[in-house]
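Read the structure below first, then the notes.
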Amino acid sequence: MAQSLRVGISLPPNHSDRAERYLGSQPLLPTWDLSVRKFTTDGRHADVDLIITSPRMLDPAGRGTVSVHAPVVLVVERASRDELSALIGTRIVRGLVLADDPPETLALGITAAASYGVWVAQAIWEHLEHGHMPELDAALKHLTAAELETFRLLARGMTNREIAEARHVQPSTVKYHVDNIRLKTGAANRRELLCHAYRFMTSDAS
1 MAQSLRVGIS
11 LPPNHSDRAE
21 RYLGSQPLLP
31 TWDLSVRKFT
41 TDGRHADVDL
51 IITSPRMLDP
61 AGRGTVSVHA
71 PVVLVVERAS
81 RDELSALIGT
91 RIVRGLVLAD
101 DPPETLALGI
111 TAAASYGVWV
121 AQAIWEHLEH
131 GHMPELDAAL
141 KHLTAAELET
151 FRLLARGMTN
161 REIAEARHVQ
171 PSTVKYHVDN
181 IRLKTGAANR
191 RELLCHAYRF
201 MTSDAS
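The opening position of the sequence shown corresponds to residue 1 in full-length UniProt numbering, with each subsequent residue numbered one higher.
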């Protein structure tokens with residue numbers, strides 16, 4: 001039996017109409033039974049499980065112009081590498097889809113977000129990786145089992161304290177592992193490390 005998934009949409013009219021028509025065809029059956037509704041930014045809580053919107057709804061810290069309380073799939077038109085890195089590095093953003101991609105890519109973002117995963121369009125990864133993202137495959141071979149598990153939990157947007165609770169270890173142990181992962185992957189900071197972790201999570205699931 002399909003699980004109910006309430007999807008809120010807050011997009012410009014041209015993108016909103018396209019998304020609503022596609023999602024109205026129930027592309028995720030038999031796993032998810034979608035109900036689509038408008039999500040407004042007037043400060044009221046929409047009764048939704050997931051939100052599809054554009055980056056302008058989120059500030060650089062990933063907080064919404066309203067109190068966003070559900071995972072977000074962003075439909076991106078144009079953004080710089082720094083802007084994309086900032087979006088990926090927020091806990092609430094679980095999918096990045098290009099506005100001119102086929103509508104089927106929206107289903108990939110929704111499926112990942114609804115399952116507490118991450119999905120980012122291939123073209124966005126290529127843009128992010130150009131010139132400064134290291135080859136992860138080689139770096140990951142040098143991670144210990146504990147570091148690899150920490151890396152996976154980082155990709156779910158968890159804080160060090162949440163990772164410590166999930167792994168039943170001290171926060172200081174998690175910090176030690178995070179620092180080691182950052183050194184081994186060549187990440188300059190935690191935000192770049194999150195980009196690496198999300199990239200690993202999406203490729204690991206494919």
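Built from N, CA and C at the ideal position, the CB exists for glycine as well. Nothing here was measured: the structure is a model prediction, and the numbers come from that model.
{"Item": "Which residue wins for smallest C-alpha separation from T53, given the options V76, D47, Q3, W32?", "Value": "V76"}
{"Item": "Where N180 and E147 are concerned, what is the direct C-alpha to C-alpha distance, given to the nearest angstrom?", "Value": "8 Å"}
{"Item": "Based on Cα-Cα distance, which residue from T144, Y176, S35, I124 lies nearest to I9?", "Value": "S35"}
{"Item": "Going by C-alpha to C-alpha distance, which of K141, S16, H177, A138 sits closest to L153?", "Value": "H177"}
{"Item": "Would you mind stating whether N189 and K175 have Cβ atoms separated by less than 7 Å?", "Value": "no"}
{"Item": "Indicate the three-state DSSP secondary structure (helix, strand or coil) for G64 in the structure shown.", "Value": "Residue placement at G64 is flagged as unreliable, the pLDDT there being 48, under the threshold of 50; a coordinate-derived value is accordingly withheld."}
{"Item": "Would you call L29 buried or exposed, if buried means 16 or more other Cβ atoms sit within 10 Å of its Cβ?", "Value": "exposed"}
{"Item": "By the DSSP assignment, the alpha helix (DSSP H) with T111 in it spans what residues?", "Value": "104–114"}
{"Item": "Do P103 and L74 have their C-beta atoms closer together than 7 Å?", "Value": "no"}
{"Item": "Are A138 and T185 closer than 7 Å when you measure CB to CB?", "Value": "no"}
{"Item": "Can you tell me whether DSSP reads I92 as helix, strand or coil?", "Value": "coil"}
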